[in-house]
Amino acid sequence: MPRPLLATIHTAALANNLAVARRYAPKSKIWAIVKANAYGHGLARAFPGLRATDGFGLLDLEEAVKLRELGWAGPILLLEGFFRPTDIDLVDRYSLTSALHSDEQLRMLEMARLSKPVNIQLKMNSGMNRLGYTPDKFRAAWERARACQGVGQITLMTHFSDADSERGIEHQMAAFERGAHGIAGARSLANSAATLWHPKSHFDWVRPGVMLYGASPSGVHADIRSSGLQPAMTLASELIAVQTLPEGETIGYGSIFKARAGMRVGVVACGYADGYSRVAPEGTPIVVDGIRTRVVGRVSMDMITVDLTPCPQAGIGSRVELWGNALPIDDVAQACGTIGYELMCAVAMRVPVRAE
Ligand SMILES: *Cc1c(COP(=O)(O)O)cnc(C)c1O
1 MPRPLLATIH TAALANNLAV ARRYAPKSKI WAIVKANAYG HGLARAFPGL RATDGFGLLD
61 LEEAVKLREL GWAGPILLLE GFFRPTDIDL VDRYSLTSAL HSDEQLRMLE MARLSKPVNI
121 QLKMNSGMNR LGYTPDKFRA AWERARACQG VGQITLMTHF SDADSERGIE HQMAAFERGA
181 HGIAGARSLA NSAATLWHPK SHFDWVRPGV MLYGASPSGV HADIRSSGLQ PAMTLASELI
241 AVQTLPEGET IGYGSIFKAR AGMRVGVVAC GYADGYSRVA PEGTPIVVDG IRTRVVGRVS
301 MDMITVDLTP CPQAGIGSRV ELWGNALPID DVAQACGTIG YELMCAVAMR VPVRAE
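Taken in order, the sequence shown gives residues 1 to 356; the numbers are from full-length UniProt numbering.
What follows is the structure, given as structure tokens:
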């Protein structure tokens, strides 16, 4: 018998979430972002649910090639572009669209031998200060790109730092408009947060990622409750043991939790080596037999211990949901001091995954 831990990928939820993105940005085309192995869902497993997209965005050339092998003939965007001149052969061979954020990349394209021009997304640094040309250098970069024989269509791109929070996007929208003023070409600005909450940033292409997987860009589940998004992954396991503890007994490494008299504690087959966060504190929500309860004691490599007080009928073999349909991943992430993105991307290789 395999360990009773399983990640289920909900194909219908992915398709639903893509449709939600379309409903929010009805006039825009969509780059469905599938970097990091489709945010931990598996590129090949996520593909069928997302194939109604207009294009896919990702980082690794290998993932781009895999998408072509899956039969995707439409646009593929490399979000960080290429890294070395040899990458450009693959960009050419697989007809990839490339972000272009630096003079070094531009020089590589100018030197490349290509079978056809490469479509690029010229990236502006409008305030994120990671990649791209600042607004005052943008026009010169655009002119140089336009003069380059190896460059085909040029889309203007930038990325928001605060579309999910207080500061918002105004300062970056203003910077973008200043730098892109008078330059023709399609625009691509919005991530999930901007797709959901800043309609005026939508323009020609939006780039939703985390919303396609049913998690909130802000990390707070309440922020997407009325959006119609559905969890694309359920991580579930079972109780493999139950302990009834006398008053004052402790649980697990470090003895950080002390039991009340007669407390029943369930042992779940899932630990940090499966991707469950080791920093999950006491009280982190978890669902046993359909009832929401809490993690107690320290998360260990292969096991978690949970309070069975609210679910007295639970025993060995009871179903445990770590996150998914019965428990938003955002709620678990929030308890761990992180965001759903990190948890879903961290699901480990050893966890069996099934798409449905
Ligand atoms: C990851 C990424 C996105 C998607 O971000 P979400 O917050 O997951 O929607 C969009 N654009 C770029 C450039 C990215 O790197």
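Quick reminder that beta carbons are idealized off the backbone N, C-alpha and C, glycines included. Keep in mind the model is a prediction, meaning the values are calculated, not measured.
Between residue 302 and residue 343, the alpha-carbon positions lie close to 16 Å from each other. For the pair residue 190 and residue 176, the Cα-to-Cα distance works out to about 12 Å. For residue 229, same chain residues with a beta-carbon under 7 Å away, outside a window of 5 residues either side, are 17, 20, 211 and 214 in chain order.
In the structure shown, the three-state DSSP call for residue 179 is helix. With the rule of 3 Cβ pairs closer than 8 Å, the stretch 266-282 counts as touching the stretch 294-313. Between the C-alpha atoms of residue 296 and residue 222 there is a straight-line separation of about 25 Å. Among the bridge pairs identified by DSSP, residue 56 is matched with 32 and 76. Annotated three-state conformation of residue 11 is helix, per DSSP. Assignment of beta-bridge partners to residue 121 by DSSP yields 99 and 155. When DSSP assignments are scanned along the UniProt domain "Alanine racemase C-terminal" (232-356), the uninterrupted stretches of alpha helix (DSSP H) that are 4 or more residues long and fall wholly within it turn out to be 329-335 and 340-346. The alpha carbon of residue 114 has as its nearest neighbour, out of 97, 70 and 89, the alpha carbon of 89.
The straight-line gap separating the alpha-carbon atoms of residue 55 and residue 258 is approximately 52 Å. Residue 159 sits away from residue 127, with the two beta carbons spaced by 7 Å or more.
Secondary structure note for residue 166: it is in no alpha helix (DSSP H), with a DSSP letter that is neither H nor E. Nearest to residue 247 by C-alpha distance, out of 233, 263, 236 and 238, is 263. The C-alpha of residue 242 lies about 17 Å from the C-alpha of residue 253. The three-state reading of DSSP puts residue 133 in strand, counting E and B together. DSSP places residue 115 in the coil class of the three-state scheme, outside both helix and strand. Taking a C-beta distance under 7 Å as the contact criterion, residue 97 and residue 125 do not qualify as a contact pair. Beta-bridge partners of residue 212 (DSSP): none assigned. For the 7 Å CB-CB criterion, residue 101 and residue 131 form a contact.
Around the beta carbon of residue 157, 16 or more other beta carbons sit within 10 angstroms, so the residue counts as buried.
In this structure, the alpha-carbon of residue 196 lies about 48 Å from that of residue 261.
Annotated as proximal: residue 207 and residue 33, with beta-carbon spacing under 7 Å. Secondary structure at residue 187: strand, using DSSP grouped into helix, strand and coil.
Ranked by Cα distance from residue 240, the options 266, 232 and 216 are led by 266. Short note on residue 220: C-beta not closer than 6 Å to any heavy atom of ligand 1. Boundaries of the alpha helix (DSSP H) harbouring residue 64: 61-69, taken from the DSSP string. Taking residue 289 as the centre and dropping the five residues before and after it, the same chain places the C-beta of 311, 313, 314, 318 and 319 closer than 7 Å to its C-beta, in chain order. The beta carbon of residue 85 lies closer than 8 Å to those of 108, 111 and 112 in the same chain, with the five residues before and after it left out. Taking all protein chains shown into account, residue 287 has 16 or more neighbouring C-beta atoms within 10 Å of its C-beta and is therefore buried. Residue 324 and residue 330 have their C-alpha atoms spaced approximately 10 Å apart. The beta carbons of residue 82 and residue 105 sit about 7 Å from each other, so the pair counts as a contact at 8 Å.
A heavy atom of ligand 1 is found nearer than 6 Å to the CB of residue 209.
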